[in-house]
Structure formats: C-alpha cells, structure tokens
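S.K.: Dropping a structure here in structure tokens format, bear with me for questions.
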Amino acid sequence: MDPKSLPKILYIEDTPAARALVRRVLARDFVVLEAEDALSGIELAIQTRPDLILLDINLPQLSGREVAARLKTQLPNSLLIAFSADTSPKARERALASGCVGYLTKPLDVDIFPDQIREFLGGKREILADQAVHQKAFEAELVERLEEKVRELTKTAERNAYLNEQNKHLVVVLRRRQRLLEAAARVSQVITSILDLDELLRVTVDVICEEYGIPFAGIFLLDAAGESAVLRAGSGEAGARMVAEGYRRPVGGDSTVGSAIRQRSATLIRDVDAAQASHNPYLPGIRSRAALPLIGKDAVLGALSVQSDQLDAFSDDDLAALQTLASQVAVAINNAQLLRDLHQANHELLRTKTFQAIAQTTGETIHWVGNKAAPIPSCTRRVREDLLALIGMLQTLMDQPPEGRPQHPLWPAAQAIFDAARRDVPPERLYGSAGGTDAPAGRLYVPPDLESILEDLAIIEQSAATILAIKEDLIGPVRLQHLAEIELPALLEQTLFEMGLPPGVVHTHFAADLPSIRGDSRQIGQVFNNLVKNAWEALAGRPQPRITVTCHLADDPQYLLTQVADNGPGIPPELLDKIWVSFFTTKGDRGGTGLGLSACVAIINQAEGKISVESQAGAGTTFSVLLPVSK
Amino acid sequence: MPKILLVDDEPLIQRSMQKTLMRAGYTVEAAGNCADGLKRFEAAEAGGAPFDMALLDLNMPGFDGGEASGAGLELLSRLIGLRPDLPVIILTAYDEVSKVKDAVGRGARGYCVKGREQSLLDQINAIFKEP
Numbered sequence: 350m351d352p353k354s355l356p357k358i359l360y361i362e363d364t365p366a367a368r369a370l371v372r373r374v375l376a377r378d379f380v381v382l383e384a385e386d387a388l389s390g391i392e393l394a395i396q397t398r399p400d401l402i403l404l405d406i407n408l409p410q411l412s413g414r415e416v417a418a419r420l421k422t423q424l425p426n427s428l429l430i431a432f433s434a435d436t437s438p439k440a441r442e443r444a445l446a447s448g449c450v451g452y453l454t455k456p457l458d459v460d461i462f463p464d465q466i467r468e469f470l471g472g473k474r475e476i477l478a479d480q481a482v483h484q485k486a487f488e489a490e491l492v493e494r495l496e497e498k499v500r501e502l503t504k505t506a507e508r509n510a511y512l513n514e515q516n517k518h519l520v521v522v523l524r525r526r527q528r529l530l531e532a533a534a535r536v537s538q539v540i541t542s543i544l545d546l547d548e549l550l551r552v553t554v555d556v557i558c559e560e561y562g563i564p565f566a567g568i569f570l571l572d573a574a575g576e577s578a579v580l581r582a583g584s585g586e587a588g589a590r591m592v593a594e595g596y597r598r599p600v601g602g603d604s605t606v607g608s609a610i611r612q613r614s615a616t617l618i619r620d621v622d623a624a625q626a627s628h629n630p631y632l633p634g635i636r637s638r639a640a641l642p643l644i645g646k647d648a649v650l651g652a653l654s655v656q657s658d659q660l661d662a663f664s665d666d667d668l669a670a671l672q673t674l675a676s677q678v679a680v681a682i683n684n685a686q687l688l689r690d691l692h693q694a695n696h697e698l699l700r701t702k703t704f705q706a707i708a709q710t711t712g713e714t715i716h717w718v719g720n721k722a723a724p725i726p727s728c729t730r731r732v733r734e735d736l737l738a739l740i741g742m743l744q745t746l747m748d749q750p751p752e753g754r755p756q757h758p759l760w761p762a763a764q765a766i767f768d769a770a771r772r773d774v775p776p777e778r779l780y781g782s783a784g785g786t787d788a789p790a791g792r793l794y795v796p797p798d799l800e801s802i803l804e805d806l807a808i809i810e811q812s813a814a815t816i817l818a819i820k821e822d823l824i825g826p827v828r829l830q831h832l833a834e835i836e837l838p839a840l841l842e843q844t845l846f847e848m849g850l851p852p853g854v855v856h857t858h859f860a861a862d863l864p865s866i867r868g869d870s871r872q873i874g875q876v877f878n879n880l881v882k883n884a885w886e887a888l889a890g891r892p893q894p895r896i897t898v899t900c901h902l903a904d905d906p907q908y909l910l911t912q913v914a915d916n917g918p919g920i921p922p923e924l925l926d927k928i929w930v931s932f933f934t935t936k937g938d939r940g941g942t943g944l945g946l947s948a949c950v951a952i953i954n955q956a957e958g959k960i961s962v963e964s965q966a967g968a969g970t971t972f973s974v975l976l977p978v979s980k
Numbered sequence: 010m011p012k013i014l015l016v017d018d019e020p021l022i023q024r025s026m027q028k029t030l031m032r033a034g035y036t037v038e039a040a041g042n043c044a045d046g047l048k049r050f051e052a053a054e055a056g057g058a059p060f061d062m063a064l065l066d067l068n069m070p071g072f073d074g075g076e077a078s079g080a081g082l083e084l085l086s087r088l089i090g091l092r093p094d095l096p097v098i099i100l101t102a103y104d105e106v107s108k109v110k111d112a113v114g115r116g117a118r119g120y121c122v123k124g125r126e127q128s129l130l131d132q133i134n135a136i137f138k139e140p
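Chains A and B, in that order, give the protein sequences. So the mapping is simple: the numbering used here equals the position in the first sequence, first residue as 1, plus 349. So the mapping is simple: the numbering used here equals the position in the second sequence, first residue as 1, plus 9.
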C-alpha cells in the first residue's frame, strides 16, 4: 500500500516511551508524526496538516487543552483527540470544551487503539452535554492562566531589570578592581625594578594618583626619633614643594597621617568640611582624604596619604587595595634599608680588611725596624760614657809633667788605646791633616769639637728613641690590658680635664645612671684623648670652636654610644676612609705620627666596640664610639 | 756577682744587652738559640756554678733548629723544670699578649720590651734585691 495514501496522525507527547508505544501500535496502518512539546507540535501541525492530532493533555509549557484551543483557531478543520492518563472528574469534559472531539484514556489497549483512531477518522464525535457551561469554565481557566503568565512575565522583566542593574554595578566594581589591580601590579613592578628608595617612592605616588585619578598622594616616613612623619615623596608640584620644604606631621597629632601611624590602621575622612578637619594650605580643594600605615617587618615605618577633590572618594575596596599597596611599599622600604645596611657593612668590612692588611704590613715593618733600632740607645749611652772616660783619662795624663806620665797608673791603658787605634784606624785618618796641618808622627789626631760629638750622639739617641716610641705606639694597643669596670662619663670628664682645653670649647652631655663598661681605662681614655685632640687641631684658627662630647645608651642597649663632634672644616669624602690608616695624617708638617686613629681603631676593636666617623664639609666631623656595657 | 744566661738570636741585640748587663756588674753568658742556651744552663748546673737568672727571647730557632714562633716558651719550661725557683724574664719585640701570658703561666717572673735596656736593668736589679 502506498504510504502516501495512509492517514497522517500527529502525536504531541513529551514522554518518549509513550511516543514509541503509539508509533509501534499505529505504524502499520498510519503515518505517525511526532512532536515532543506543545509549540513544536503546533508548528508541525500547521506545516503537515495531519488527518488527526493526538494530544497529550499534561504537557509542559502549554497544556494539551491550550494546544487544542490554539489549533482550533489555526486549523479549524483539524481533528483533535485528547489522549490522557487524567482520570479526574470532568477531565473528559474539560478536554472536549477546549475543542477536542474525542477523549481516549491511557493506558492504550493495543488491540483496539488503531480501531478507535479509525472510528474518529470515520466521523465519530463525542458530544459534550452542557457545552456552554464547560466552555465558560475553560475560558475562565484560560484567562486565569493568562494572568498568571503575565504576572510571571512581569516578574521576569523586573528580575531582568534588577539583574541588569546588578550587572552594571558589577561592571563598575570590576573595572575599579581591575584598575586597583593594575595600580598594585605597576607599583610592585616599580618596587622590584627600582632599588633607589627616593625614586621608588616618587614613582609610587605618581602611579597611585594616575590610577585613582586623585590630585594628591604622598608617602611619609617616620624620623629617627619616631616623633614626626616627614613627607619623603609627594605627587605633583605641590608634593615637590612640600618635600622641599620638609613638610611633616606630628605622630601625636590628630592628622590622618599621625592617627594612621599611631593606630596602625587606615584613617579615613569622608568629608573634610563636615569633619572640621584642617585644610592643607599646599592642597586647596581637598574634600576627602585617607591615610594608610606603612607597616614594615616589625614596626610602622610611616604612612601613605591619599587626597581627593571629591566627597567620600575612597571606598572600602579602595582602602583595602591601598593598604595592600602600602604594605608593598613598606616591604620595599625595608628592602632598600637592608640594601643600604648591606652596602655599609660591606664598606666597613672592606675598610677593616684594608686596615688589617696595611696594619699587618706596617706592623711587620715597624717590628723589624724597631728590632734593629733596639740596641742603639744603649750603645749610644755607652759610647758617650766611654768617650767621656777617655777624655777624663787623657786629661789626667795631660795634667802630669811629661816625664812623670809613664809612671801614672793610667799610662798602660792609654798606650793600649793608642796601639788599638794604630791597628784599627787607617793611617790617613789617624794622621789626617784636617784642622792640624803639622801633627807630629805617632800622635793620635783628636777631633777638636767634643760638643759636636755629644750632639751627634744625642741625635742618634733621640732618633732611635723616636723609632722605638713609634713602634710601641703602633703595637701599643696590644699591650697587656688591665681590665676593670669603667664609669665612662667619669673617665671622659677626667680625660677632658687633663687635656686642659680653653674654657668654653668643650661641651658635654652625659646621660645619668649609665651602666659601666669593661676595659683598660688608660687605653679607652687614650682613644677619647686622641679624638678630642684631633677635633681641637681641626678647629685651629676657626671662629667659635666647639667640641661636643655626648655619652648615652645606644639604640642597641647593649652598647654605650659616645660621640665627639666638632664644628671644624670637616673631612673631605675622598679622605674619609684614609684617616683610619696608619701614618696617614692631615696635619701636614704640624706634627702627628698618623698613628692616632689607627691605634684608636685597634683599641676599640679589641674592646669589641665600634668606631665610625661622619663628616660634612664645612659643618664639622663627628666620631662615634660604641662600647659594650659590661655584663 | 750574679750570673745571668741570655738567650737571643738577634746577635746585635744580644751583644748590646750583654754589654749593658756586664757594665752593670753582672756575669753574662749569651746563647743564640734554644739548644745552646739549654746546653750552657745544664753545663753550669753540673759545673757547680749555676745561673742565677735567665733572659729569654720568645721567637728564635727551636730545639730542632728551625725558626719557631714561641720556641723560647719551651726553653722556659725546660729551665723551670730543671730549677723551679729560677727567675726568668721574657724578652719580647712585639708585645705579644697571649705569649707573655703563657710565659707567666709557665713560671716567668716578668717581661721586657726589647730596646728598653735600662728598664730591663731596673727589673733585674729589683729581683736580685729581693730578700
């Protein structure tokens, strides 16, 4: 049989198993089309115009009855049969009211189902009693459904509008977050690529201003005393001017920077006017500001200040991001400081090494020279004694009448000397003509100038004594130490007193109740004597010479810090390292062996202390000595 | 007159010191290394004319002949070992703190920086004046 001549059945059903069953039961006698939902079912019906449409009633989206109503308007001649498991009362009536002309109940009976279909195709129609009543009920139901749909749609629309708003807000927040992230990324890039702290801070404030679109950002660092925060970098011209003029905020004050540092947390002023906060004369038109503490490894280092010309410009998000940024800056500052300390330590190590190498060489040299010079003073003394004895002997003999001399007890000794002279001294020297042109043969030539001989001997003795003194100066620091408890201020007072400098020159400031140190008071005293002497010599011819000696506990309370400062001409930077080296002296021919400072270093090193110098051309020089307090 | 043994390997220093001490009235025998110094000391002990004091340099050729830092310390110990009450003065060019401490620990009476012969003489005189 030609399939085209078979009746076309459309089955609209969402359950695949049900569709498969109907297909199997009807396939032999009918062309079975299938749709799995209401809308595609309606579409397929309009396209294919089936001879009969089997409708599941319990469909998602639209119910089978709604599909029926719809198809009735689109395809007025279509044959609609409800096929439902709904056995509730009036289910048949409701289906018929919606436009169906038959109602078949599930489950289907395979034996009769094709015949039931055929009956409807053949013209069977189920008649609904009280058609009007059921029709009305169905219409009411439709209206209700419609209302429900409208409500649903309105709700959806509202929800969409809300979601839209939400999205917009999220986009704004995300954009801002992204900007913050970019700022943080730029700052961290800057931080890892710039080692110079000042440049790092400058770039950081510029990046923050740019990324946040604010007129001012600044970074304050605590001063050494921790009492005020000094602006180290500020954006724009105002920032540069504030930095140049040493702009600072007291930590104890009520500025945002001061509070942020004191409280170790972000401080925010949403409305500068409303808060009656002070206006910064450098930054007119600021309406809100915030400060974030720079918290380093173990201490607050300063604060990051941000200022805006908008009210309430900084959100919680902003503050969180800025705080992250501030922490990065703090890490960078720590790093920069570590680097600086490392440089300094390296420098010091190099200085110590250089000093040690030079000290060893000069030490060995001096030792050798000193060793060779060691016998000179004694030898000279004996020569002088012997010379004077010889002269005395000759004098005694000369005082005798010539004929009596050979009988004198000294005569054999004199003859022995003359014999030795004849044996050891070349004849031309012995009988030389210098000064005595007609010296008789056989007579010893006696140099006429005894004073000159004695003077020469004194020179020899003096020179040897100097060599030995220098030797002992140089290796002096390693003399046996006489260790004792030392009250440093008392020792300083005594040393200064013994130096007898003119009144008004030396100013002292010693902290009270300092712990004692342990050392050799003569050596330690010598160090400060040396430093004060150097300072005094540097002040020669300067107006209002002033030497300040201070002593107090160092930052590390294990040490006492003593400083000797002068207001002299300062030491040029290129000479600053050389002053520690033996034999280096800036005093020219004004004296000084150049051993003073190297001896000081050796003494302080031996005492396990530290000595350092800072000098500023034209402003003066400060020597700092750290000595460990005794345990 | 007290008899002193002087051991120093620097001939000029040794001779100058010897002259200074002899002029001050002491009998001085000089040796230029540890082995010679010990030999002279033992010979004097055996001969019944022992030394009354020894002056020892610290850095000089050791008993094995090589230059040794602190060889004088070993000689010091041997001399003190032979005669525990022997006054010994250490001669040092450097002020070698640790070695001097070591020497004092081994029984030396004192030390003297070379080149200061007058103070050495004072020190020796003081020791012989002791009751």
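Think of the CB as a built atom: it goes at the ideal place given N, C-alpha and C, for glycine as much as any other residue.
Where Lys48(B) and Met62(B) are concerned, what is the direct C-alpha to C-alpha distance, given to the nearest angstrom?
M.R.: When rounded, the distance between both Cα atoms is 15 Å.
S.K.: Considering just the uninterrupted stretch of the alpha helix (DSSP H) at Cys728(A), what are its terminal residues?
M.R.: 725 to 748 is the extent of the alpha helix (DSSP H) around Cys728(A).
S.K.: Identify the continuous beta strand (DSSP E) that holds Arg867(A) and give its terminal residues.
M.R.: Where Arg867(A) is concerned, the enclosing beta strand (DSSP E) stretches over 866 to 869.
S.K.: Starting from Tyr360(A), trace the beta strand (DSSP E) in both directions and tell me its first and last residue.
M.R.: Start and end: 357 to 361.
S.K.: With a threshold of 7 Å between beta carbons, is Cys949(A) in contact with chain B?
M.R.: No, its Cβ sits nowhere closer than 7 Å to a Cβ of chain B.
S.K.: In chain order, what residues of the same chain have a beta carbon less than 7 Å from the beta carbon of Ala609(A), not counting five sequence neighbours either side?
M.R.: Contacts found: Ala615, Thr616, Ala640, Leu641, Pro642, Ala652.
S.K.: Output, in chain order, the set of chain E residues within a Cβ distance shorter than 8 Å of Gly607(A).
M.R.: This model lacks chain E altogether, as its protein chains are A and B.
S.K.: DSSP three-state label for Gly940(A), please.
M.R.: Confidence at Gly940(A) is low in this model, with a pLDDT of 41, below 50, so its placement is unreliable and the value that follows should be read with caution. Coil.
S.K.: How is Gly853(A) classed by DSSP in three states: helix, strand or coil?
M.R.: Three-state result, Gly853(A): coil.
S.K.: Would you report the Cα separation of Leu550(A) and Ser979(A), rounded to the nearest angstrom?
M.R.: Their backbone Cα atoms lie some 42 Å apart in a straight line.
S.K.: So what does Val649(A) bridge to, in DSSP terms?
M.R.: Answer is Ile644(A).
S.K.: Considering only C-alpha positions, which residue in the set Asp926(A), Ala434(A), Asn407(A), Pro438(A) is nearest to Glu697(A)?
M.R.: Checking every option, the nearest Cα to that of Glu697(A) belongs to Asp926(A).
S.K.: Please list, in chain order, all residues of the same chain as Gly940(A) whose beta carbon is under 7 Å from its beta carbon, the five residues on each side excluded.
M.R.: For Gly940(A), the predicted structure reports a pLDDT of 41, less than 50, and the residue's modelled location is therefore unreliable. A value from the coordinates is still provided. Nothing listed; no residue qualifies.
S.K.: Pull up the DSSP beta-bridge partners for Ala384(A), would you.
M.R.: In DSSP, Ala384(A) forms a bridge with Ile361(A).
S.K.: For His483(A), does the three-state DSSP call read helix, strand or coil?
M.R.: Reduced to three states, the DSSP call for His483(A) is helix.
S.K.: Determine, for Leu739(A), whether the minimum Cβ-Cβ distance to residues of chain B falls below 7 Å.
M.R.: It does not; no Cβ of chain B falls within 7 Å.
S.K.: Can you pull the chain A residues whose beta carbon is under 7 Å from the beta carbon of Ser25(B), in chain order?
M.R.: Under the 7 Å cutoff, chain A gives Pro724, Ser727, Cys728.
S.K.: Could I get the ranges of all uninterrupted beta strand (DSSP E) runs contained in the stretch 380 to 465 of chain A, with 3 residues as the minimum, in chain order?
M.R.: As far as the stretch 380 to 465 of chain A is concerned, its whole beta strand (DSSP E) runs of at least 3 residues are 380 to 384, 401 to 404, 429 to 433, 451 to 454.
S.K.: Measuring straight from C-alpha to C-alpha, what distance separates Glu442(A) and Asp479(A)?
M.R.: For Glu442(A) and Asp479(A), the distance between alpha carbons rounds to 9 Å.
S.K.: Can you check whether the C-beta of Leu736(A) is within less than 7 Å of a C-beta belonging to chain B?
M.R.: No, its Cβ sits nowhere closer than 7 Å to a Cβ of chain B.
S.K.: Taking DSSP as the reference, what is the three-state secondary structure of Gly784(A)?
M.R.: Caution applies to Gly784(A), whose pLDDT of 43 falls short of 50 and renders its modelled position unreliable; the model cannot decide the point.
S.K.: Between which two residues does the beta strand (DSSP E) containing Lys123(B) stretch?
M.R.: Segment: none, Lys123(B) is in no beta strand (DSSP E) and carries neither H nor E.
S.K.: If you follow the alpha helix (DSSP H) that Leu88(B) is part of, which residue opens it and which one closes it?
M.R.: Counting along the chain, the alpha helix (DSSP H) containing Leu88(B) begins and ends at 80 to 91.
S.K.: My output table needs one value for Arg581(A): the three-state DSSP class, helix, strand or coil.
M.R.: In the structure shown, Arg581(A) sits in a strand (DSSP, three-state: E or B).
S.K.: Which of the three DSSP states, helix, strand or coil, is assigned to Tyr908(A)?
M.R.: Residue state, collapsed to three classes: strand.
S.K.: Select from Glu560(A), Ala956(A), Ala626(A) the residue whose C-alpha is nearest the C-alpha of Glu834(A).
M.R.: Ranking Glu560(A), Ala956(A), Ala626(A) by Cα distance to Glu834(A) puts Ala956(A) first.
S.K.: Does the Cβ-Cβ distance between Val381(A) and Leu388(A) come in under 7 Å?
M.R.: No. Outside cutoff.
S.K.: By how many angstroms is the C-alpha of Leu393(A) removed from the C-alpha of Leu429(A)?
M.R.: Looking at the two C-alpha atoms, the distance is approximately 14 Å.
S.K.: Would Thr899(A) pass as a contact of Gln907(A) if the rule is Cβ separation under 7 Å?
M.R.: Against a cut-off of 7 Å, the Cβ pair of Gln907(A) and Thr899(A) comes out as no contact.
S.K.: Using a cut-off of 9 Å between C-beta atoms, extract the partners of Glu19(B) located in chain A.
M.R.: By Cβ distance, chain A contributes Asn720, Lys721, Ala723, Pro724.
S.K.: Can you list the residues of chain A that Ile22(B) reaches, using a CB-CB cut of under 8 Å?
M.R.: The answer, in chain order, is Asn720, Ala723, Pro724.
S.K.: Tell me whether Ala376(A) sits in a helix, a strand or coil according to DSSP, three-state version.
M.R.: Three-state result, Ala376(A): coil.
S.K.: Could you give the distance in angstroms between the alpha-carbon of Pro20(B) and the alpha-carbon of Gly41(B)?
M.R.: Looking at the two C-alpha atoms, the distance is approximately 7 Å.
S.K.: Mind checking Asp748(A): buried by the 16 CB within 10 Å criterion, or exposed?
M.R.: Classification of Asp748(A): exposed, given that the 10 Å Cβ count is below 16.
S.K.: Trp760(A) to Gly741(A), Cα distance in whole Å?
M.R.: Approximately 13 Å between the Cα atoms of the pair.
S.K.: Between Gly34(B) and chain A, is there a C-beta pair that is closer than 7 Å?
M.R.: For Gly34(B), the answer is no, since every Cβ of chain A falls outside 7 Å of its Cβ.
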